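Enquirer: As you go down the protein sequences, you meet chains W and H in turn.
The first sequence begins at 1 in the numbering used here and counts up by one.
The second sequence begins at 1001 in the numbering used here and counts up by one.
Protein chains: 2
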Amino acid sequence: MSPRTDADELTERPRVPLSRRRVLRAAVRLADRDGLESLTMRRLAQEVGVEAMSLYHHVANKEAVLDGVVEVVLDEIMTAVREAEAPPPERDWRAALRARILAARDVLLRHRWAPGLLGARTTMNPVVIAYYDQVVGLLRAGGFSFDLAHRALHVLGSRALGFAQELFQPGEAQPADAATAEQMADRFPNLAGMLADAVHDDPDGTLGFCDDQFEFEFALDLILEGLERRRAAGA
Amino acid sequence: MSPRTDADELTERPRVPLSRRRVLRAAVRLADRDGLESLTMRRLAQEVGVEAMSLYHHVANKEAVLDGVVEVVLDEIMTAVREAEAPPPERDWRAALRARILAARDVLLRHRWAPGLLGARTTMNPVVIAYYDQVVGLLRAGGFSFDLAHRALHVLGSRALGFAQELFQPGEAQPADAATAEQMADRFPNLAGMLADAVHDDPDGTLGFCDDQFEFEFALDLILEGLERRRAAGA
DNA sequence: ACCTGAACACCGTTCAAGT
DNA sequence: ACCTGAACACCGTTCAAGT
């Protein structure tokens, strides 16, 4: 590679030519840092030290950028899943699938904007197809009929890829003062009771009322257990 | 205002004054007809026969329009859920919840753009809170502890509101010819096997390979069964 | 082959002006 | 009180022109 100046080191390095790969990695970096709404063609160009129109030599259009960004994240997921420690599915398909899904989830937690984008993409992504093919293979090795494996894909849905399926985004949930808290208890007595119950268990307060990881695993285990029950029943 | 022509009668009717309610109902109509991406302030104004800037007298900004649109759909869901025929939860909480969720799903199927929008909204919507409060109340009446009801909300996730959680959007899935089909069988042997198996059961072809309603109910029943098992075990 | 500047057709939104 | 036209700061994208 060619020599570079201090400025190059710090900001851009125009010497290494632009490429699709470099554009997409910059897009992921931009979304990680500033959020998905900041990912515009103009800001992306700025991120790689080029004018906006230059991007069109490496990607067809913005849609292609979003597809590419999804691709990068999915590749990251596939790598994480491949390296996840898990028993062979022939011995314990539930543990095998569980480990893979939790590995996928770890990746998504590093790109919080990704689930929304992945969910919006309706086009069949080859990487996603390959992933679901692996899941079906795992289930087959675990003794599933093709038919029940099909059911399983639908039950798991995007959870198979580690999607959190959260109820709400955390934050901005606390009532401002005791008055509004009381008002809330009036309007939503059941939720208020649930919250009070949780506080009783954990006197530190409502902190950790929803432990995302715990909830994710509880849901996952319930689903896997239901699937195992049907598999064993020969469904 | 000036006298009007026949065209006025047919398209707009400026006589009934603009209102927040009228703007939001027009927005839902526009999204239903042309898709969510067509819902711009300018086109929405056109839909109600007014200039874009007039909208700002009735809604704060576009974000408020989207919030309002969500509100309209949620109101529709709440009405459908309220009118759903269901046993009292004290007698059969599973049937009670199942009927309500399927009623909610019916509404969402009439506004196919709504799940994406509802999913993107992270702010706590009062109507959603009220709905989840009702679900917790139902579970309580069915014998749930607050703690397990809390778990239940997370397991159900947006499925409690009738979200389909589909794997892919239908369409554009068929391989173009036999060659690519064979190629697909090579790359994704498990999915190919699954598809072949389904074709065997239903010789009419791959039509209805994924019966959305069936899959939704299968998943829902599996989840409800897992919850009932935990409730009965006194979790 | 790769990059660019100017331009176009769209956005959401502000503001001063109309009635 | 309600609506409007012109304008601003942004989009994605096209196109002809540069090297």
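Idealized CB from N, CA, C, for every residue including glycine.
These figures come from a predicted structure and were not determined experimentally.
Do you know how far the Cα of Gln46(W) is from the Cα of His58(W)?
Expert: Along the first sequence, one-based indexing puts residue 58(W) at 58. Along the first sequence, one-based indexing puts residue 46(W) at 46. Roughly 15 Å between the two C-alpha positions.
Enquirer: Quick one: grab the DSSP three-state call for Gln165(W).
Expert: As a working mapping, residue 165(W) is identified with position 165 in the first sequence. Looking at Gln165(W) - three-state DSSP - the assignment turns out to be coil, as it is neither helix nor strand.
Enquirer: Can you grab the Cα-Cα spacing for the pair His1150(H) / Glu217(W), in whole Å?
Expert: The residue given as residue 1150(H) occupies position 150 in the second sequence. The residue given as residue 217(W) occupies position 217 in the first sequence. If you take the alpha carbons of His1150(H) and Glu217(W), they lie about 14 Å apart.
Enquirer: Which word fits Met194(W), buried or exposed, when buried means at least 16 other C-beta atoms lie within 10 angstroms of its C-beta?
Expert: Counting from 1 along the first sequence, the entry for residue 194(W) is found at position 194. Its Cβ being crowded by 16 or more others within 10 Å, Met194(W) is buried.
Enquirer: Short check: CB of Val1069(H) to CB of Leu1024(H), under 8 Å?
Expert: Along the second sequence, one-based indexing puts residue 1069(H) at 69. Along the second sequence, one-based indexing puts residue 1024(H) at 24. Result yes, Cβ atoms of Val1069(H) and Leu1024(H) sit closer than 8 Å.
Enquirer: If you measure from the beta carbon of Glu1172(H) to each beta carbon in chain W, is any gap under 8 Å?
Expert: The residue you call residue 1172(H) lines up with position 172 of the second sequence. For Glu1172(H), the predicted structure reports a pLDDT of 43, less than 50, and the residue's modelled location is therefore unreliable. The matter cannot be settled from this model.
Enquirer: Should Gln290(W) go down as buried or exposed, given a rule of 16 or more other Cβ atoms within 10 Å for buried?
Expert: Residue numbering for chain W in the displayed model covers 1 to 235; residue 290(W) lies beyond these limits and cannot be assessed.
Enquirer: What residues of chain H sit near Asn190(W), judged by a beta carbon separation below 7 Å?
Expert: Translated into the one-based positions of the first sequence, residue 190(W) becomes position 190. The contacting residues are Asp1133, Val1136, Gly1137 and Arg1140.
Enquirer: Take Arg94(W) and list the residues in its own chain whose beta-carbon comes closer than 7 Å to its own, dropping the five residues that flank it on each side.
Expert: As a first step, residue 94(W) is located in the first sequence; it is residue number 94 there, counting from the start. Contacts found: Leu224 and Glu228.
Enquirer: Measuring CA to CA, which of Asp197(W), Asp212(W) and Ala104(W) is closest to Val1155(H)?
Expert: To locate residue 1155(H), count along the second sequence from 1; it is residue 155. Among Asp197(W), Asp212(W) and Ala104(W), the Cα nearest to that of Val1155(H) is on Asp212(W).
Enquirer: Report the rounded CA-to-CA distance for Tyr1131(H) versus Leu66(W), giving the unit in angstroms.
Expert: Here the question's residue 1131(H) lines up with position 131 in the second sequence. Here the question's residue 66(W) lines up with position 66 in the first sequence. In a straight line, the C-alpha of Tyr1131(H) is about 34 Å away from that of Leu66(W).
Enquirer: Is Gly1035(H) near Ala120(W), with beta carbons less than 8 Å apart?
Expert: Within the second sequence, numbered from 1, the residue matching residue 1035(H) stands at position 35. Within the first sequence, numbered from 1, the residue matching residue 120(W) stands at position 120. Contact flag unset, no.
Enquirer: Keeping to the same chain, check which residues put their C-beta closer than 6 Å to that of Ala983(H); ignore five residues upstream and five downstream.
Expert: Since the first residue of chain H shown is 1001 and the last is 1235, residue 983(H) is not available in this structure.
Enquirer: I need the straight-line Cα distance from Gly1226(H) to Leu1148(H), nearest angstrom please.
Expert: The residue labelled residue 1226(H) in the question sits at position 226 within the second sequence. The residue labelled residue 1148(H) in the question sits at position 148 within the second sequence. Rounded to the nearest angstrom, the two C-alpha atoms are 12 Å apart.
Enquirer: For Val1139(H), name the three-state secondary structure that DSSP assigns.
Expert: Position 139 of the second sequence, counted from the first residue, corresponds to residue 1139(H). Sequence check: residue 1139(H) is Leu here, not Val. Leu1139(H): helix per DSSP, three-state reduction.
Enquirer: Using 8 Å for Cβ pairs, my map puts Ala103(W) next to Leu138(W). What's the rounded Cβ distance?
Expert: On the first sequence, position 103 is the one that residue 103(W) refers to. On the first sequence, position 138 is the one that residue 138(W) refers to. Not really, about 13 Å apart at Cβ, beyond 8 Å.
Enquirer: Quick check on DSSP: helix, strand or coil for Ser1019(H)?
Expert: On the second sequence, residue 1019(H) is found 19 positions in, with the first residue counted as 1. Ser1019(H): coil per DSSP, three-state reduction.
Enquirer: Could you tell me which of Asp1075(H), Val1081(H) and Pro1089(H) sits nearest to Ala1114(H), measuring between CA atoms?
Expert: One-based indexing of the second sequence puts residue 1114(H) at position 114. Ranking Asp1075(H), Val1081(H) and Pro1089(H) by Cα distance to Ala1114(H) puts Asp1075(H) first.
Enquirer: For Arg155(W), would you say it is in contact with chain H, using Cβ-to-Cβ distances shorter than 8 Å as the test?
Expert: As a working note, residue 155(W) is residue 155 in the first sequence. According to the sequence as given, residue 155(W) is Val; it is not Arg. Closer than 8 Å to some Cβ of chain H, the Cβ of Val155(W) qualifies, so yes.
Enquirer: For Gly1193(H), go through chain W and note every residue whose CB falls closer than 7 Å to its CB, in chain order.
Expert: For the purposes of this step, residue 1193(H) is taken as residue 193 along the second sequence, with counting starting at 1. Under the 7 Å cutoff, chain W gives Phe146.
Enquirer: Assign Pro1088(H) to buried or exposed, taking buried as 16 or more other Cβ atoms, counted over all protein chains shown, within 10 Å of its Cβ.
Expert: For the purposes of this step, residue 1088(H) is taken as residue 88 along the second sequence, with counting starting at 1. Pro1088(H) should be labelled exposed.
Enquirer: Residues of chain H with CB under 7 Å from Ala219(W), in chain order?
Expert: One-based indexing of the first sequence puts residue 219(W) at position 219. His1154 and Val1155, listed in chain order.
Enquirer: Any idea what DSSP makes of Leu1039(H), helix, strand or coil?
Expert: Taking the second sequence and counting its residues from 1, one reaches residue 1039(H) at position 39. When secondary structure is reduced to three states using DSSP, Leu1039(H) falls in the coil class, being assigned neither helix nor strand.
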